[in-house]
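The UniProt record's numbering applies: residue 1 is where the sequence shown begins, and numbers increase by one.
Worksheet: one structure, shown below.
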Amino acid sequence: MLVVEDEDVLADAVAEWLRREAFAVDVAYDGDAAHERLAVHPYDVVVLDRDLPGRPGDELCREISDTLPQTRVLMLTAAAAVRERVAGLALGADDYLTKPFAMVELAARVHALARRAVLRNPAVLQRSGIVLDPARRTAERDGRDLGLARKEFAVLAELLRADGTVVSAEQLLERAWDEHIDPFTNVVRVTVMKLRRKLGEPQPIETVAGVGYRLP
């Protein structure tokens with residue numbers, strides 16, 4: 001596990017608490033150091049402060065989402081506004097915690113993310129010219145690589161698994177994000193919008209008004 005926090009007292013306190021929870025914890029005090037560690041170590045969970053010196057937390061989160069599908073991100077911030085949480089989740093974070101926070105809550109959320117960090121190996125999923133391999137984390141449409149970010153990949157996988165039935169936004173939140181996700185966030189809509197752009201025409205994702213989404 002990696003803790004990325006520029007307030008060294010807080011970073012060390014979080015790391016010590018998580019070590020008591022039997023996690024192996026590395027610490028980085030700025031974005032550049034975190035980037036170097038992420039290039040070398042396959043962390044299951046990253047506790048990531050959004051406001052960092054050097055490489056910004058937002059950039060690191062996007063990098064993890066795009067290139068490290070097995071790594072889960074718990075983003076920390078002093079900003080409590082809903083729009084800030086939505087923005088962080090749209091970058092690919094799995095969960096969001098505002099400062100100040102209780103260490104017991106942080107540890108509980110980290111445990112939940114760690115349980116979800118192991119990739120499953122289901123069969124290849126196919127529909128509407130889309131071929132998605134969850135084990136290799138590859139996604140193509142008509143032979144064209146889609147270049148999906150982690151949350152886009154997770155949402156598309158859930159739509160493919162539904163086999164033509166409707167999947168609600170609430171179900172996508174539950175399956176592709178952490179259980180602590182704000183149920184009123186619009187992060188699903190934003191992710192589906194980005195996914196549609198990458199899938200191209202003819203558009204395979206249908207919106208069923210008031211219900212959810214499907215791949216017919």
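We treat Cβ as the ideally placed atom computed from N, Cα and C, and that holds for glycine.
- With a threshold of 16 other beta carbon atoms within 10 Å, P53 falls short and is exposed.
- Rounded to the nearest whole angstrom, the C-alpha separation of V4 and A24 is 14 Å.
- Collapsing the DSSP output to three states places D6 in coil.
- Listed in chain order, the non-local C-beta contacts of L195 below 8 Å within the same chain comprise L148, E152, V155, L156, I205, local neighbours out to five positions each way being set aside.
- For L132, the enclosing beta strand (DSSP E) starts and ends at 130 to 133.
- Residue nearest to V104 within the set R55, R197, L18, V40 is L18 (criterion: CA-CA distance).
- A Cβ-Cβ separation of about 7 Å places S65 in contact with L91 under the 8 Å criterion.
- The C-alpha of D12 is placed about 31 Å away from the C-alpha of V187.
- Within the UniProt domain "Response regulatory" (1 to 114), the runs of beta strand (DSSP E) at least 3 residues long that lie entirely inside it are, in chain order, 2 to 4, 26 to 28, 45 to 49, 72 to 77, 95 to 98.
- Rounded to the nearest whole angstrom, the CA to CA distance from Y96 to P202 is 35 Å.
- Annotation: R137 is outside any beta strand (DSSP E) and is labelled neither H nor E by DSSP.
- At the C-beta level, A123 and I130 stay beyond 9 Å of one another.
- Taking C-alpha positions only, A162 is separated from D44 by approximately 27 Å.
- Close CB contacts of R37 within its chain, under the 7 Å cut and outside five residues either way in sequence, are with L2, D26, A28 (chain order).
- By the neighbour-count criterion, in which 16 or more other beta carbons inside 10 Å mark a residue as buried, P134 falls on the buried side.
- Between L76 and L48 the beta-carbon gap is near 7 Å, inside 8 Å, which marks them as a contact.
- For G212 against V167, the beta-carbon gap comes to about 5 Å, under 8 Å, which counts as contact.
- Apart from sequence neighbours up to five positions away, the residues of its chain that approach A169 with a beta-carbon distance below 8 Å are V188, R189, G212, Y213, ordered along the chain.
- Taking L10 as reference, the option from H41, P56, L106 with the minimal CA-CA separation is L106.
- In chain order, R127, R214, L215, P216 place their CB closer than 8 Å to the CB of G164, counting only its own chain and leaving out the 5 sequence neighbours on each side.
- Taking each of G200, R115, A78 in turn and checking the Cα distance to D142, the smallest one comes out for G200.
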